Structures are given as C-alpha cells and as structure tokens.
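Enquirer: The sequence shown: position 144 = 143 (numbering that gives the first Met the number 0), numbered continuously.
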Amino acid sequence: MAAIQAVEIPVRIPFGNDRISAVFHIPEPAEGGRYGAPCVVASHGLASSKESGKYRQLAEALIPRGIALLRFDFLGCGASTGRPEDTTVVGRLDQLRRVVWFLKAQPFFDGRSALMGSSMGGFLSLLLAAEEPGVCAVAAWSSPATLRAPETEEGRLRSWGLGDVYFKELGSPDAPLDMPPGIRRGLVVHGSADDVVPPSHAEAIFARLSEPKEMRVIPGGDHSMRPEAARREAIRVTTDWIERFIREDSL
Numbered sequence: 000m001a002a003i004q005a006v007e008i009p010v011r012i013p014f015g016n017d018r019i020s021a022v023f024h025i026p027e028p029a030e031g032g033r034y035g036a037p038c039v040v041a042s043h044g045l046a047s048s049k050e051s052g053k054y055r056q057l058a059e060a061l062i063p064r065g066i067a068l069l070r071f072d073f074l075g076c077g078a079s080t081g082r083p084e085d086t087t088v089v090g091r092l093d094q095l096r097r098v099v100w101f102l103k104a105q106p107f108f109d110g111r112s113a114l115m116g117s118s119m120g121g122f123l124s125l126l127l128a129a130e131e132p133g134v135c136a137v138a139a140w141s142s143p144a145t146l147r148a149p150e151t152e153e154g155r156l157r158s159w160g161l162g163d164v165y166f167k168e169l170g171s172p173d174a175p176l177d178m179p180p181g182i183r184r185g186l187v188v189h190g191s192a193d194d195v196v197p198p199s200h201a202e203a204i205f206a207r208l209s210e211p212k213e214m215r216v217i218p219g220g221d222h223s224m225r226p227e228a229a230r231r232e233a234i235r236v237t238t239d240w241i242e243r244f245i246r247e248d249s250l
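#1: Along the chain, where does the alpha helix (DSSP H) containing GLN56 start, and where does it finish?
#2: Take the Cβ of ARG235 as the centre, count every other Cβ of all protein chains shown within 10 Å, and call the residue buried at 16 or more, exposed below.
#3: From the DSSP output, read off the bridge partner residues of HIS189.
#4: Going straight from the alpha carbon of GLU27 to that of ALA58, what length do you get?
#5: Suppose you measure from the CA of ASP173 to the CA of THR87; what does that come to, to the nearest Å?
#6: Taking only runs of the alpha helix (DSSP H) that begin and end inside the stretch 102-137, which ones reach a length of at least 4 residues, in chain order?
#7: Using beta-carbon positions only, say whether TRP100 and GLY121 come within less than 8 Å of one another.
#8: Can you tell me whether DSSP reads ARG18 as helix, strand or coil?
#9: Sort ALA21, GLY90, ALA36, LYS49 by Cα distance to PRO175 and report the nearest one.
#10: Report the option in THR145, GLY181, LYS212, SER249 whose CA atom is closest to the CA atom of THR237.
#11: Using the rule of at least 16 other Cβ atoms within 10 Å of the residue's Cβ for burial, across every protein chain shown, is TRP240 buried or exposed?
#12: Where does ALA5 sit, in a helix, a strand or coil, going by DSSP?
#13: How would you call SER79, buried or exposed, if buried means at least 16 neighbouring beta carbons within 10 angstroms?
#14: With H, G and I counted as helix, E and B as strand and the rest as coil, what does DSSP make of ALA36?
#15: Are the beta-carbon atoms of LEU95 and MET178 separated by less than 8 Å?
#16: What's the C-alpha gap between GLU30 and ARG207?
#17: Just to confirm, are ALA233 and ILE217 a CB contact at a threshold of 8 Å?
#18: So, helix, strand or coil for ILE241, using DSSP?
#19: How would you write the range of the alpha helix (DSSP H) that ALA46 sits in, first residue to last?
#20: Reducing DSSP to helix, strand and coil, say where ARG70 ends up.
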C-alpha cells in the first residue's frame, strides 16, 4: 500500500461580492495518483481564524487515514474579505453552507463529509448537521449550547469587533441561537478548565443529541484546548469518531 502524502491547496470561495479564504489538506498517494477521499470541514470560533494550530494538527491526524480537511476563514476574519462588524449568526451559517457546497463540487471529493468546529464554529457545525442529511459525523469543541448571551457579555463581544447588527440579531425570536434536538453522530469535546464557555454547555448539547453520541471532558483543557496534552487527546478522540462513521458510510 502506497504511503499517503498530503497536498495543501489554497482556494478563494465566492460568496456574493466577497471571497472566503480556505485551504484544502488532501491525502494523495506517493506516486501522485488521485483518488476519491472524504473530507472534514473545520470551522473556527467567533474571533479566531483558520490559522489556529488545532486545524493543522487535526489535518495531520486525518491524512494518514485517507481523510481530507478543509479549513476556512469566515468573512471578516483571517484572509477572507468582509468586516468583523458585519458578522451575524445567520451570515456565518450561510458561509458554512457555501463552503460545504463548494466542497461537493471538487473532483477529489468522494461524497462523504464530516463537520468539526471550535466554539461558535462548533455550534454552527451542529446547526448545519441538523439540516444536511449527508453529513457522516459532527464534532463540536468548546461550544456553547446557545448563543443567547447575557447583557453582561456585550462589552467583551464588542471588544472582538462585533457590531450592532450582531446584537440586534440576538434579540430576534427567529434567529438560530439554540441548538436543535435530534442530531445524530455528534461528538462533544470540552475542556474541564474552559473559563469562556463553561463545561455545563457541553452537558446541555449532549442532552439534546440523539444516539449515537459521545461526550469527552478533557481534564485541564481550556477554551483553546490547551495545554498540548489536552489538545492531543481532543484530536485523537475526534479523529477516531469521524473515521468511525466515515467508514460505516462506505460499507
């Protein structure tokens, strides 16, 4: 069996007048032949970017198993166009949908996908998994069970660059601010020392998932899944979970 190598391919995904910056990590046989591969779409948190080390580390764990990863910047973050003050939950969910549709058109993609996200990215991944029946599995790290932030949080959220449109959305009864019930094949990963999103949110998410489901609270892990030992464990359980259901869907 040929050794599996990784290829990194940067792309710009059209989204209206904006462009979403993304990078594919694709497994490829050493001799250069192409083959179909499943892919994980990784979504970053509210004020983060695709350059967070956790996504590269997850890609490095998935590639030897023949699984690709696509990491991207939401608009207003990283190398994507757009402004942070225009961020909304609905807007980010639409951007994630667009990224998944873009993935489906790629010649290397074999049709099997999984979603992974950290913090708000995990929440959005759960929302999309609820409406995308073709998703093999979803993993949420350090994610909130609801985005209905108390008023005391507004100062911190504004310090991250969020604008009035975001806070107006938080008051809308129609905004997707709570996790829907019934999502299957969900993995919840949370650090026991997370002081940004308390571990009680992981318990609330887990209670709303349907079987098969799993929850892992990583001892000592913070919101960014540090220290390194905590991150390695989170990556291990996430990679195992995703591979399990991707393999099941290939049978």
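We put the beta carbon where it would ideally sit given N, CA and C, even for glycine.
None of the values given here were measured: they were computed from a predicted structure.
Expert: In short:
#1: 52-61
#2: exposed
#3: VAL216
#4: 13 Å
#5: 13 Å
#6: 119-130
#7: no
#8: strand
#9: GLY90
#10: LYS212
#11: buried
#12: strand
#13: buried
#14: strand
#15: no
#16: Confidence at GLU30 is low in this model, with a pLDDT of 44, below 50, so the placement of that residue should be treated as unreliable; the coordinate-derived value is given next. If I take the Cα positions, the gap works out to 46 Å.
#17: yes
#18: helix
#19: No alpha helix (DSSP H) contains ALA46, which DSSP labels as neither H nor E.
#20: strand
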